[in-house]
Amino acid sequence: MSFLELKIPPLLLVLLFALGMWLLAPLTAPFSVQLALPALYTTVLALCLAMTGIAVALAGVLAFRRAKTTVDPRVPQQSSSLVLVGIYRYSRNPMYLGFLLLLAAFACYLQSLLALAFLPLFVLYLNQFQIKPEERFLQQKFGKDYQVYLHNVRRWL
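When you line the sequence shown up against this note's numbering, it's residues 122 to 278, in that order.
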C-alpha cells in the first residue's frame, strides 16, 4: 500500500474524515451510544478543542515559514532546513496534531462515540502513509541532527 504514501494532502484527509464522521454518526445513532453531556458542554468543549487545534497547526506553519522551508508535506525532499524551535520542541508534527484536535472538536460537536472512533483511524493513517515516509526523507537529508531530534521530541505530543 505504499502507493498511498504522501499522496493525499493532510488537509484533504481531515475533510474526508470529517465528512465520514458527519455521514455515519446520525446513521448509526440508534445503534450507538451518544455522549451523555448537555449540548452547552459539548459545544464549549468543541470550541476549545477547535481553537487549540487551529493555534497548534498555525504555530507549526509559522515556524516553517520563518525557517523558509516548505509547508507542503507531500514533498519532504524539498525541506530546506530542520525546524527545531517553537512548537517543534514539543511535537514533531504540530500541524497534524492540530488537525487531530479539529477532528476531536467535530466529534464532540456531533456528540457521537462513533465519530470519536475516527480519531485513532486518522492517527494510524497519518503515521503510516504520511509521517513515516516524511521521516525517511528527513533522516536521509538531515542525518544525525534529525536522529537526535527523533530521540528528543515525540511524534505527536
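Even for Gly, the Cβ is constructed at its ideal location relative to N, Cα and C. Values in this document were obtained by computation on a predicted structure and should not be read as measured data.
Backbone secondary structure at residue i - three-state DSSP
i, result
"S233", "strand"
"N214", "coil"
"A226", "helix"
"E126", "coil"
"P197", "helix"
"Q268", "helix"
"W277", "coil"
"A167", "helix"
"P147", "helix"
"P159", "coil"
"T173", "helix"
"V192", "coil"
Residue i and residue j closer than 9 Å at C-beta
i, j, result
"V135", "L223", "yes"
"M141", "A180", "The question names Met, yet the displayed sequence has Gly at residue 141. Against a cut-off of 9 Å, the Cβ pair of A180 and G141 comes out as no contact."
"L235", "A146", "yes"
"L237", "G174", "no"
"E255", "L271", "no"
Distance between beta carbons of residue j and residue i, contact taken as under 8 Å
i, j, result
"A176", "M216", "Wrong, their Cβ atoms sit about 12 Å apart, outside the cutoff."
"F239", "L221", "That pair is no contact at about 10 Å."
"W277", "S200", "About 19 Å separates the two Cβ atoms, so there is no contact after all."
"L170", "A226", "4 Å"
Assigned exposure category for residue i - 16 Cβ within 10 Å defines buried
i, result
"V269", "exposed"
"N273", "exposed"
"V184", "Per the sequence shown, the amino acid found at residue 184 is Ala instead of Val. Buried, because 16 or more other Cβ atoms sit within 10 Å of the Cβ of A184."
"Y162", "exposed"
"G264", "exposed"
"L132", "exposed"
"A167", "buried"
"L259", "buried"
"A139", "buried"
| said: Taking contact to mean 3 or more Cβ pairs, one atom from each stretch, closer than 8 Å, check whether the stretch 243 to 255 and the stretch 184 to 192 are in contact. | reply: Output reads no: the stretch 184 to 192 does not touch the stretch 243 to 255.
| message | For the stretch 124 to 131 against the stretch 225 to 233, do three or more pairs of beta-carbon atoms, one drawn from each stretch, fall closer than 8 Å, so that the two count as touching? | response | no
| said: Does the contact criterion of 3 or more C-beta pairs under 8 Å hold for the stretch 250 to 257 versus the stretch 190 to 201? | reply: yes
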